[in-house]
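Participant: Quick note on numbering: the sequence shown equals residues 674 to 904 in our numbering.
Okay, here's the structure, questions in a sec.
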Amino acid sequence: MPATPHVEQHFTATEAVRDVVIGMSDGLTVPFALAAGLSGAVASSRIVVTAGLAEIAAGSIAMGLGGYLAARTDREHYRAERLREEREIVELPERETEEVAEIFRGYGLSDGELAPVVAAIRAEPGRWVDFMMRFELGLEEPDPSRARNSALTIALAYVAGGLVPLMPYLLVPAASTALLTSVAVTLFALLVFGWVKARFTGTPRLRGALQTLATGGLAAAAAFAIARLIS
């Protein structure tokens with residue numbers, strides 16, 4: 674009988690999914706809480722929409738910029754560490770060689786088994802530095818376009834999430850009436866988003882959905898209660 678080929682499927686777009694999760698989570702939660710809070714203090718949906726759109730614009734820019742700076746920082750950190758490793762294999766080759774050996778000893782190789790492997794790694798400086806970056810420091814070279822892509826992904830996900838709780842206010846003039854529809858729509862969106870996020874991250878789907886729902890619901894409830902108390 675022919676052997677069934679073993680096919681492994683791994684999810685690799687972790688960075689993009691992380692950016693979507695960051696942007697969408699805050700996009701659904703913050704404008705939702707703002708809209709709910711304003712609904713407890715004002716009667717006009719127009720005011721809620723104006724404030725909500727302003728918050729979405731400011732929030733998406735701030736979140737996108739934060740993602741950009743975080744990615745730039747990761748890249749700068751990688752470059753600095755690589756330069757340090759390149760200098761050390763020239764200035765301290767014996768110490769770096771022993772560090773390579775220690776890494777392989779951690780995998781159970783004896784000195785006799787690891788000697789030719791260590792020698793092969795030492796023979797090519799670029800490969801030696803790559804090895805130290807990955808296995809000593811646990812660093813992978815960031816994608817050069819990571820900062821730009823992260824900023825755009827987070828910002829667009831924030832806008833998409835933020836428009837969900839505001840849509841009812843665009844259709845219903847009375848803020849108190851629109852609030853009920855916004856709550857229903859946004860809580861459903863939070864539930865679905867939490868379910869999808871859990872599917873991609875490998876956590877239990879029901880737990881992920883309920884956690885996301887609870888976070889957004891509590892934030893909106895707190896904002897609404899504070900606004901009603903103040904008004």
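The C-beta atom is built at its ideal place from N, Cα and C for all residues, glycine as well.
1. Of the choices ALA788, ALA753, GLY835 and PRO789, whose alpha-carbon is the least far from that of LEU812?
2. For the putative contact between LEU765 and ARG778, defined by C-beta atoms under 8 Å, what is the C-beta separation to the nearest angstrom?
3. Looking at the secondary structure, which residues open and close the alpha helix (DSSP H) in which PRO817 lies?
4. I need the boundaries of the alpha helix (DSSP H) containing GLU772, first residue and last residue.
5. For the alpha helix (DSSP H) that contains SER712, what are its first and last residues?
6. Quick check on ALA847: does DSSP put it in helix, strand or coil?
7. What's the gap between the Cα of PHE684 and the Cα of ASN822?
8. Can a CB atom of chain B be found closer than 7 Å to the CB of ALA724?
9. Between the stretch 726-735 and the stretch 831-841, are three or more C-beta pairs nearer than 8 Å?
10. Give the C-beta separation of GLY725 and ILE827 to the nearest angstrom, bearing in mind that I take them to be a contact with Cβ-Cβ under 8 Å.
11. Can you check DSSP and say which residues form a bridge with SER717?
12. Measuring CB to CB, does ALA708 end up less than 7 Å from ALA892?
13. Could you tell me the alpha carbon to alpha carbon distance between VAL722 and LEU843, rounded to whole angstroms?
14. Which same chain residues end up closer than 6 Å to MET805 when comparing Cβ atoms and leaving out the 5 residues on each side of it in sequence?
15. I need the boundaries of the alpha helix (DSSP H) containing ARG795, first residue and last residue.
16. Hey, ALA712 and VAL832: beta-carbon distance below 7 Å or not?
17. Please state the DSSP three-state secondary structure of LEU853.
18. Please say whether ALA824 and GLY740 have beta carbons closer to each other than 7 Å?
19. Specify the secondary structure class of GLY875 as computed by DSSP and reduced to three states.
20. Out of VAL791, THR850 and ALA735, state which residue places its alpha-carbon closest to the alpha-carbon of GLU775.
Facilitator: Inspection of the coordinates gives the following:
1. Numbered from 1 along the sequence shown, position 139 holds the residue referred to as residue 812. Minimum Cα distance to LEU812 is reached at ALA753.
2. Counting from 1 along the sequence shown, the entry for residue 765 is found at position 92. Counting from 1 along the sequence shown, the entry for residue 778 is found at position 105. That pair is no contact at about 19 Å.
3. If you number the sequence shown from 1, residue 817 lands on position 144. It is not in any alpha helix (DSSP H) - PRO817 carries neither H nor E in the DSSP assignment.
4. Residue numbering aside, residue 772 sits at position 99 when the sequence shown is read from its first letter. Taken as a continuous stretch (DSSP letters only), the alpha helix (DSSP H) holding GLU772 covers 766-778.
5. The residue you call residue 712 lines up with position 39 of the sequence shown. Residues 687-712.
6. On the sequence shown, position 174 is the one that residue 847 refers to. ALA847 falls in the strand class under three-state DSSP.
7. The residue you call residue 684 lines up with position 11 of the sequence shown. The residue you call residue 822 lines up with position 149 of the sequence shown. Confidence at PHE684 is low in this model, with a pLDDT of 45, below 50, so its placement is unreliable and no value can be given for it.
8. Of the protein chains in this structure there is only one, and it is not chain B.
9. yes
10. Here residue 725 is taken as the residue at index 52 of the sequence shown, counted from 1. Here residue 827 is taken as the residue at index 154 of the sequence shown, counted from 1. Not really, about 19 Å apart at Cβ, beyond 8 Å.
11. Stepping through the sequence shown from its first residue, residue 717 is reached at position 44. Answer is ALA847.
12. As a position in the sequence shown, residue 708 is number 35, starting the count at 1. As a position in the sequence shown, residue 892 is number 219, starting the count at 1. Not closer than 7 Å, so no.
13. Taking the first residue of the sequence shown as 1, we reach residue 722 at position 49. Taking the first residue of the sequence shown as 1, we reach residue 843 at position 170. Answer to the nearest angstrom: the Cα atoms are 7 Å apart.
14. Within the sequence shown, numbered from 1, the residue matching residue 805 stands at position 132. Excluding positions up to five away in sequence, the list reads GLU758.
15. Numbered from 1 along the sequence shown, position 122 holds the residue referred to as residue 795. Per DSSP, ARG795 belongs to the alpha helix (DSSP H) from 784-796.
16. Position 39 of the sequence shown, counting from 1, holds the residue named residue 712. Position 159 of the sequence shown, counting from 1, holds the residue named residue 832. With the sequence shown as reference, residue 712 is identified as Ser, and Ala is not the correct amino acid for it. Not closer than 7 Å, so no.
17. Start at 1 with the first residue of the sequence shown, and residue 853 comes out as number 180. Of the three classes helix, strand and coil, the one that applies to LEU853 here is helix, per DSSP.
18. Residue numbering aside, residue 740 sits at position 67 when the sequence shown is read from its first letter. Residue numbering aside, residue 824 sits at position 151 when the sequence shown is read from its first letter. Result yes, Cβ atoms of GLY740 and ALA824 sit closer than 7 Å.
19. Residue numbering aside, residue 875 sits at position 202 when the sequence shown is read from its first letter. GLY875 falls in the coil class under three-state DSSP.
20. Mapped onto the sequence shown, residue 775 falls at position 102. Checked all of VAL791, THR850 and ALA735; the closest Cα to GLU775 is VAL791.
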